[in-house]
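Here is the structure we will look at.
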Amino acid sequence: MIEVQQLTKRYGAEIAVDKISFNVKKGEVLGFLGPNGAGKTTTMKVVTCYLPPSGGQVLVDGMNVTQEALAVRERIGYLPENTPLYREMITYDYLVFAAEMRGVPSEKQSRRIAEMTEVCGLGDVLAKRIDTLSKGYRQRVGLAQALIHDPPILILDEPTSGLDPNQIVEIRHLITALGREKTVILSTHILSEVEASCDRVLIINNGTLVADGTPAELQAHFMGRQHIQLGIQGKEDDVLSTLESWGKAQLTGHQADHNGAILYDLSADPSDDLRPELFHLAVEKGWVLTELHGVQADLEDVFRSLTT
Amino acid sequence: MKETWTLARRELNAAFDSPTAYVVLFVFLLITGWFFGNGLFLEHVASLRTVFSLAPIIFMFFVPAITMASFAEERRGGTLELLLTLPVRDWQVILGKLLAVTILLWTAIGLTAVYALTIAGLGNPDNGAVTGGYLGLMLLSLAYGAIGMFSSSLTRNQIVAFVIGFALIFTLFMLDKITAFLPGAIGGLLEYLSIDFHYQNLLRGVIDSRDILYYLSVTLVACLLTAYNLARRPE
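Chains A and B, in that order, give the protein sequences. In case it helps, this note's numbering puts the first sequence at residues 129 to 436. In case it helps, this note's numbering puts the second sequence at residues 22 to 256.
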């Protein structure tokens, strides 16, 4: 549905996006991950036909964003960062404006606005001025204007930034529901969001693509080791020397927890699960075992390893 | 075209939802009305002369004030990005904003028709001059609006937009006042480029196509320059 081919964007002498290539399939929910200034927003601005590419090309539904910009824009619903809206307008008037500008036929406008009000939960604020709304509601109005023409593609730049935890959950549910039928690209810093909502993740750093895959694939590929946390009461020296001579896992750290035990972090090859062996070792040595669990390498580790 | 009109309507609604439109109309009519009434009641002269000579000066201050926000505020607030990712062309956005400003200014001018009707009833006005005057004012305000809009597209800062807009309008207005100090050929050119020169021509009641063309050209050039600024997609 969306093909980005060797996209490069320069702001003067500065290269913001450097030969990025990726595809987005129809109906996919794609997460853009990356530090601030990595080039996520710039990439989105090119796909939405706001900025022209300095090099490479972007095809949306087979149409080039530079040559058929108007047709491409009709297929996209875009919510920029910081949700810019006309603050002095009343919510309802703004939705009417959005509907008209988006080419929603006049006979369908009131129905679409009613649907958007329902889907985005704007019933209570239709008559209020946008600058009197809370951030969460403004975000929803922003989403409503992006959806009002029922576009097949949604591009959301940090849709949950600045929202409180409850609002984040609501928006996330909304995005997940939308993601079932539409192609969604969303950029975010919140890794748990990516794990929760996205089918696939792109990690961008300094203008280049450093990772492209499902969250599980990324975790498996980049963190090729298993991590185990072992908690044992007392006998610190005995444990340390035994683990060292055992040799099947490396001790990457140990610290006291608050319950009188010491936690040992072990790192090993992912081939065999070492937990049963460690259990037997503990029994054999007479250690008091308080904890034994595998630590899943999470997306944050992947992210940090790729972007620092 | 529908989008252009929708944009213009949105801008007008915004102007009338805030004190902007009302203050502009009120103060403009207050000043012109005072001078008109002064002449009429104190000097017993039924003339629109003062209105016609004063209005361009009033507009020189008002129009940059009305237009200073048009692009500057949208850039600052981020709404320009959203606007330019809608399925509309850049020129439709420019035209929509210009249309809104022009409608507001022509409303102000139109409301002075009260004075025109008054003197029509009282005396024997020179209809040619009155028509020329109104045409001149309408064209002049169109050009002012376009220049103001162009200035707004140069910056994120409304004050800077105002000052640049005012400076441009003032310069163009004054160009024919300095011809005395310059050699003949340049003087002729400057005269032709001056807003006031063409306005005075129209005021005489002679509707010369060159004068009309001048204002339309100024408007067009300002719009083209605005389009160029927008195309650069400044942050």
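Using N, Cα and C, we set each Cβ at its ideal position, and we do this for glycine too.
message = Taking the beta carbon of MET229 (chain A) as the centre, do at least 16 other beta carbons fall within 10 Å, making it buried, or is it exposed?
response = Taking the first sequence and counting its residues from 1, one reaches residue 229 (chain A) at position 101. Looking at its Cβ environment, which holds 16 or more other Cβ atoms inside 10 Å, MET229 (chain A) is buried.
query = If you draw a straight line from the alpha carbon of TYR165 (chain B) to that of TYR214 (chain A), how long is it in whole angstroms?
reply = Taking the second sequence and counting its residues from 1, one reaches residue 165 (chain B) at position 144. Taking the first sequence and counting its residues from 1, one reaches residue 214 (chain A) at position 86. Each residue's alpha carbon lies about 25 angstroms from the other.
key: Beta-carbon contacts of LEU193 (chain B) that lie in its chain and below 6 angstroms, excluding the five residues immediately before and after   = If you number the second sequence from 1, residue 193 (chain B) lands on position 172. Same-chain partners within the cutoff: ILE216.
inquiry  = Which complete alpha helix (DSSP H) runs does the segment 244-327 of chain A hold, if anything under 4 residues is left out?
reply    = 263-275, 293-307, 319-325
request  = Determine the extent of the beta strand (DSSP E) in which LEU213 (chain A) is found, giving its start and end residues.
outcome  = On the first sequence, residue 213 (chain A) is found 85 positions in, with the first residue counted as 1. Note, LEU213 (chain A): premise wrong, no beta strand (DSSP E); not H, not E.
request  = Give a yes or no on whether the C-beta atoms belonging to ALA384 (chain A) and ILE390 (chain A) are separated by under 8 angstroms.
outcome  = Taking the first residue of the first sequence as 1, we reach residue 384 (chain A) at position 256. Taking the first residue of the first sequence as 1, we reach residue 390 (chain A) at position 262. Yes, Cβ-Cβ distance for ALA384 (chain A) and ILE390 (chain A) is below 8 angstroms.
query = Any chance the segment 427-436 of chain A sits against the segment 86-98 of chain B, with 3 or more Cβ pairs inside 8 angstroms?
reply = Short answer: they don't touch.
task = From the DSSP output, in three-state form, read off VAL109 (chain B) for me.
result = As a working mapping, residue 109 (chain B) is identified with position 88 in the second sequence. Coil at VAL109 (chain B), not helix or strand.
Residues bridged to LYS137 (chain A) (per DSSP) = Against the first sequence, residue 137 (chain A) aligns to sequence position 9. The partner list for LYS137 (chain A) (beta bridge, DSSP) reads A:VAL145.
message = For TYR392 (chain A), list the residues DSSP reports as bridge partners.
response = Position 264 of the first sequence, counting from 1, holds the residue named residue 392 (chain A). In DSSP, TYR392 (chain A) forms a bridge with A:LEU358, A:HIS382.
query = Tell me the DSSP bridge mates of TYR236 (chain B)?
reply = Looking up residue 236 (chain B) in the second sequence gives position 215. None; TYR236 (chain B) has no bridge partner.
task = Could you check what DSSP says for TYR206 (chain A) in three-state terms: helix, strand or coil?
result = Looking up residue 206 (chain A) in the first sequence gives position 78. Of the three classes helix, strand and coil, the one that applies to TYR206 (chain A) here is strand, per DSSP.
ask   = If you pair each beta-carbon of the segment 125-133 of chain B with each one of the segment 225-233 of chain B, do three or more pairs fall below 8 angstroms?
value = no
query = Can you name the start and end residues of the alpha helix (DSSP H) that PHE202 (chain B) belongs to?
reply = Position 181 of the second sequence, counted from the start, is the residue given in the question as residue 202 (chain B). No alpha helix (DSSP H) holds PHE202 (chain B); DSSP gives it neither H nor E.
inquiry  = Against chain B, with Cβ distances strictly below 8 angstroms, would LEU248 (chain A) count as a contact?
reply    = Locating residue 248 (chain A) in the first sequence gives position 120, counting from the first residue. The residue you asked about is not Leu; residue 248 (chain A) is Cys in the sequence shown. With 8 angstroms as the cut-off, CYS248 (chain A) does not count as an interface residue toward chain B.
ask   = Does any heavy atom of the ligand FMN sit closer than 7 angstroms to the C-beta of ASP400 (chain A)?
value = No copy of the ligand FMN occurs in the structure displayed, which carries no ligand at all.
query = Which of the residues in the segment 193-207 of chain A, read from start to end, lie with their CB under 7 angstroms from any CB of chain B?
reply = LEU198, ARG201, GLU202, TYR206
inquiry  = Is GLU216 (chain A) close to chain B? Criterion is C-beta to C-beta, closer than 8 angstroms.
reply    = On the first sequence, position 88 is the one that residue 216 (chain A) refers to. Yes, because at least one Cβ of chain B sits closer than 8 angstroms to the Cβ of GLU216 (chain A).
task = Spell out whether any CB of chain A is found under 8 angstroms from the CB atom of ARG177 (chain B).
result = Position 156 of the second sequence, counted from the first residue, corresponds to residue 177 (chain B). Not closer than 8 angstroms to any Cβ of chain A, the Cβ of ARG177 (chain B) fails to qualify, so no.
inquiry  = Please tell me whether TYR178 (chain A) has its Cβ less than 8 angstroms away from any Cβ of chain B.
reply    = Here residue 178 (chain A) is taken as the residue at index 50 of the first sequence, counted from 1. Output row for TYR178 (chain A): interface = yes.
inquiry  = So, at 7 angstroms on beta carbons, what are the nonlocal neighbours of GLY290 (chain A) in its own chain, with the 5 sequence-adjacent residues on each side left out?
reply    = For the purposes of this step, residue 290 (chain A) is identified with residue 162 of the first sequence, where counting begins at 1. Answer for GLY290 (chain A): LYS263, listed in chain order.
query = Given 8 angstroms as the limit, is there contact between the segment 157-164 of chain A and the segment 307-318 of chain A, that is, 3 or more CB pairs closer than that?
reply = In short, these stretches touch, since the Cβ pair count reaches three.
message = Short of 7 angstroms in beta carbon distance, which residues of its chain neighbour TYR235 (chain B), apart from the five on each side in sequence? Order them along the chain.
response = One-based indexing of the second sequence puts residue 235 (chain B) at position 214. Only HIS219 meet the Cβ criterion.
task = Go to THR418 (chain A), then tell me how far its beta strand (DSSP E) extends in each direction, as first and last residue.
result = Here residue 418 (chain A) is taken as the residue at index 290 of the first sequence, counted from 1. Run containing THR418 (chain A): 416-423, per the beta strand (DSSP E) assignment.
query = Any C-beta of chain A sitting closer than 8 angstroms to the C-beta of GLY98 (chain B)?
reply = What you label residue 98 (chain B) is simply residue 77 of the second sequence in a count that begins at 1. True, the Cβ-Cβ gap to chain A drops below 8 angstroms.
task = Could you tell me whether any Cβ in chain A is nearer than 8 angstroms to the Cβ of ASP38 (chain B)?
result = Locating residue 38 (chain B) in the second sequence gives position 17, counting from the first residue. For ASP38 (chain B), the answer is yes, since a Cβ of chain A falls inside 8 angstroms of its Cβ.
request  = Could you tell me the boundaries of the beta strand (DSSP E) in which VAL157 (chain A) lies?
outcome  = One-based indexing of the first sequence puts residue 157 (chain A) at position 29. Here the beta strand (DSSP E) through VAL157 (chain A) covers 157-161.
key: Closest Cα partner of ASP197 (chain B) within the set B:LEU189, B:ALA134, B:GLU212   = Translated into positions along the second sequence, residue 197 (chain B) becomes position 176. When C-alpha distances from ASP197 (chain B) are compared across B:LEU189, B:ALA134, B:GLU212, the shortest belongs to B:GLU212.
query = Under 8 angstroms between the Cβ atoms of GLU412 (chain A) and GLN357 (chain A)?
reply = Locating residue 412 (chain A) in the first sequence gives position 284, counting from the first residue. Locating residue 357 (chain A) in the first sequence gives position 229, counting from the first residue. Not closer than 8 angstroms, so no.
message = So, for ALA410 (chain A): in the same chain, excluding its five sequence neighbours on each side, which residues have a beta-carbon less than 6 angstroms away from its beta-carbon?
response = Taking the first residue of the first sequence as position 1, residue 410 (chain A) is located at position 282. Counting only Cβ-Cβ distances below 6 angstroms, and skipping sequence neighbours, we find LEU417.
request  = Go ahead and pull the three-state DSSP assignment for ALA129 (chain B).
outcome  = The count along the second sequence starts at 1 and reaches residue 129 (chain B) at position 108. Note: ALA129 (chain B) maps to helix in three-state DSSP.
task = Decide if TYR206 (chain A) is buried, meaning its Cβ has at least 16 other Cβ atoms within 10 Å, or exposed.
result = Counted from its first residue, the first sequence places residue 206 (chain A) at position 78. It is buried - the Cβ of TYR206 (chain A) has at least 16 other Cβ atoms within 10 Å.
Delimiting residues of the alpha helix (DSSP H) encompassing ALA35 (chain B) = Walking along the second sequence from the start, residue 35 (chain B) turns up at place 14. Run containing ALA35 (chain B): 23-38, per the alpha helix (DSSP H) assignment.
task = Alpha carbon to alpha carbon, how far is LEU163 (chain B) from ALA248 (chain B)? Give it in angstroms, no decimals.
result = Residue 248 (chain B) sits at position 227 when you count from the first residue of the second sequence. Residue 163 (chain B) sits at position 142 when you count from the first residue of the second sequence. Rounded to whole angstroms, ALA248 (chain B) and LEU163 (chain B) show a C-alpha spacing of 17 angstroms.
query = Does the beta-carbon distance from THR219 (chain A) to LEU275 (chain A) come in below 8 angstroms?
reply = Working through the first sequence from its first residue, we reach residue 219 (chain A) at position 91. Working through the first sequence from its first residue, we reach residue 275 (chain A) at position 147. Against a cut-off of 8 angstroms, the Cβ pair of LEU275 (chain A) and THR219 (chain A) comes out as no contact.
ask   = Taking the DSSP output, what are the residues bridged to VAL66 (chain B)?
value = If you number the second sequence from 1, residue 66 (chain B) lands on position 45. Note: VAL66 (chain B) sits in no beta bridge, so no partner.
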